[in-house]
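In our numbering, the protein residues as written are 158 to 400.
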């Protein structure tokens, strides 16, 4: 495993909160990769924080961005953007917005900074208070389907099918975006996450067009993920990591 950050962890009840101290090489290495066990894990630098960017996908010419991937579900296909078309209430740029109701949102993720230190939390069940917390600290947050919480697989499995899958995860006190290396059955993706040793995993929206994403290497070169897929004009939000 390539190391970017030294981590310290604090867990509170059913919600896991982490604070991490950046190492100098996080500036040089915006994203570190780990390919193992049929997965590709991306470990973005948290030096510049995170946000849920809504409406327009971050541009590759924005060199502040280390990585961006689709986050919450989009409710319906609309050619115009509305926050109410994102499934679940969410926080973007420190502002809380009302989203569409979504029965599949069994958890959430929030992120903010305290005195320059990144703080995050994976939440199981009701996440209204967590979103308020994120907004009060100028952070971000969104709801999604929870896959793993406190190293336990969430049952029953909420979906099935043979696809590329992706999750926002915490492993060994570090945040990462984890993709299946190839199309797999959903239950196999979950098994691979468990074998990889993630403590928490929250689903990230995929599907044709929604899975188009990108990350930046130490030289500033942008690498597209699923580059053969045309960017979908109906996408609404992106989990964005900054250098």
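Using N, Cα and C, we set each Cβ at its ideal position, and we do this for glycine too.
Should residue i be labelled buried (16 or more other beta-carbon atoms within 10 Å of its own) or exposed?
{"i": "residue 376", "result": "exposed"}
{"i": "residue 328", "result": "buried"}
{"i": "residue 313", "result": "exposed"}
{"i": "residue 287", "result": "buried"}
{"i": "residue 184", "result": "With a pLDDT of 44 at residue 184, under the threshold of 50, the predicted position of this residue should be treated as unreliable, though the coordinate-derived value follows. Burial call: exposed."}
{"i": "residue 274", "result": "exposed"}
{"i": "residue 198", "result": "buried"}
{"i": "residue 334", "result": "buried"}
{"i": "residue 371", "result": "buried"}
{"i": "residue 213", "result": "exposed"}
Just tell me which of the options has its CA closest to the CA of residue i.
{"i": "residue 381", "options": "399, 346, 393 and 368", "result": "368"}
{"i": "residue 341", "options": "223, 194, 327 and 270", "result": "194"}
{"i": "residue 230", "options": "221, 219 and 246", "result": "246"}
{"i": "residue 283", "options": "346, 258 and 211", "result": "258"}
{"i": "residue 309", "options": "255, 351 and 317", "result": "351"}
{"i": "residue 384", "options": "204, 213, 265 and 366", "result": "366"}
{"i": "residue 391", "options": "200, 285 and 232", "result": "232"}
{"i": "residue 248", "options": "228, 348 and 316", "result": "228"}
{"i": "residue 304", "options": "332, 221, 272 and 343", "result": "343"}
{"i": "residue 300", "options": "271, 261 and 326", "result": "261"}
{"i": "residue 462", "options": "347, 192 and 220", "result": "The question about residue 462 has no answer here: the residues shown for the chain are numbered 158 through 400."}
{"i": "residue 399", "options": "252, 289, 356 and 217", "result": "217"}
{"i": "residue 266", "options": "388, 205 and 326", "result": "326"}
{"i": "residue 285", "options": "271, 222, 242 and 298", "result": "298"}
{"i": "residue 354", "options": "294, 362, 363 and 330", "result": "330"}
{"i": "residue 315", "options": "278, 302 and 306", "result": "302"}
Does DSSP put residue i in a helix, a strand or coil?
{"i": "residue 351", "result": "helix"}
{"i": "residue 303", "result": "strand"}
{"i": "residue 343", "result": "helix"}
{"i": "residue 236", "result": "coil"}
{"i": "residue 242", "result": "helix"}
{"i": "residue 199", "result": "strand"}
{"i": "residue 186", "result": "coil"}
{"i": "residue 277", "result": "strand"}
{"i": "residue 335", "result": "strand"}
{"i": "residue 217", "result": "coil"}
{"i": "residue 191", "result": "strand"}
{"i": "residue 258", "result": "coil"}
{"i": "residue 388", "result": "coil"}
{"i": "residue 180", "result": "Residue placement at residue 180 is poorly supported in this model, since its pLDDT is 36, which falls under 50; the coordinates still yield a value, given next. Residue state, collapsed to three classes: coil."}
{"i": "residue 297", "result": "strand"}
{"i": "residue 308", "result": "coil"}
{"i": "residue 373", "result": "strand"}
{"i": "residue 401", "result": "Nothing can be reported for residue 401: it is not among the residues displayed for the chain, which extend from 158 to 400."}
Going by DSSP, what residue range makes up the beta strand (DSSP E) through residue i?
{"i": "residue 289", "result": "Segment 285-293 is the alpha helix (DSSP H) holding residue 289; no beta strand (DSSP E) there."}
{"i": "residue 394", "result": "394-399"}
{"i": "residue 208", "result": "207-211"}
{"i": "residue 264", "result": "264-271"}
{"i": "residue 356", "result": "Counting along the chain, residue 356 falls outside any beta strand (DSSP E), and DSSP gives it neither H nor E."}
{"i": "residue 224", "result": "222-227"}
{"i": "residue 249", "result": "247-249"}
Write down the C-beta distance between residue i and residue j rounded to the nearest angstrom, noting that I regard them as a contact closer than 8 Å.
{"i": "residue 238", "j": "residue 393", "result": "6 Å"}
{"i": "residue 264", "j": "residue 280", "result": "6 Å"}
{"i": "residue 292", "j": "residue 324", "result": "That belief does not hold up - the Cβ atoms of residue 292 and residue 324 are roughly 24 Å apart, past 8 Å."}
{"i": "residue 379", "j": "residue 207", "result": "About 18 Å; that fails the 8 Å criterion."}
Taking 8 Å as the CB-CB limit, is residue i close to chain B?
{"i": "residue 334", "result": "Considering every chain present, this structure includes no chain B. It has just one protein chain."}
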